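Have a look at the structure below, then the notes.
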Amino acid sequence: MEKKKGTSSVAPYEQLLESGDKKAKLVEVPSGYVPMMVGSGREEEMERFMVHTELFKHPCTVILLEMAAEEFGYEQQGILKIPCDVEHFRSVIAFGLKKKKNSR
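When we follow numbering that gives the first Met the number 0, the leftmost residue of the sequence shown carries the number 0, and every step to the right adds one.
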């Protein structure tokens, strides 16, 4: 897949695949983004997101990462898993974006 110069995703996070999609496709992760699996159920019930690294500076995101470390340890293999409700994840990220926007 060829990458065009000067193009980047404008969203600070994007949902990669719809929940329950059995034919998951490989998705190219843009520079500056981290892929994550979010959900409190089995892996098949988790949703995939890409989160921009800038959001990792926000304390709310740090709390999500601490939850992941408590649940899965610090040596997760593969995609980063966040063990929380998807709607809670979205609200935490939205809060982080709002704070970031207001601090400019």
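Idealized CB from N, CA, C, for every residue including glycine. Only a predicted model underlies this, so the values are computations on that prediction, with no experimental measurement involved.
{"query": "I'd like to know whether the C-beta atoms of F88 and V37 end up nearer to each other than 7 Å.", "result": "yes"}
{"query": "Suppose the cutoff is 6 Å on Cβ atoms and the five residues either side in sequence are ignored; what does the same chain contact list for P34 look like?", "result": "V28, M49, I78"}
{"query": "Taking DSSP's pairing of strands, which residues face R89 in a bridge?", "result": "Paired residues: none, contrary to the question."}
{"query": "Going by alpha carbons, who is nearest to E65 out of M45, T52, K80, E53?", "result": "K80"}
{"query": "Quick check on DSSP: helix, strand or coil for V37?", "result": "strand"}
{"query": "Under 8 Å by Cβ, that's how I've got V85 and C59 pegged, so tell me the actual separation to the nearest angstrom.", "result": "Contact flag wrong, Cβ pair sits at about 15 Å."}
{"query": "Under three-state DSSP, which class holds I62?", "result": "helix"}
{"query": "If we count the other Cβ atoms within 10 Å of its Cβ and call it buried at 16 or more, is R47 buried or exposed?", "result": "buried"}
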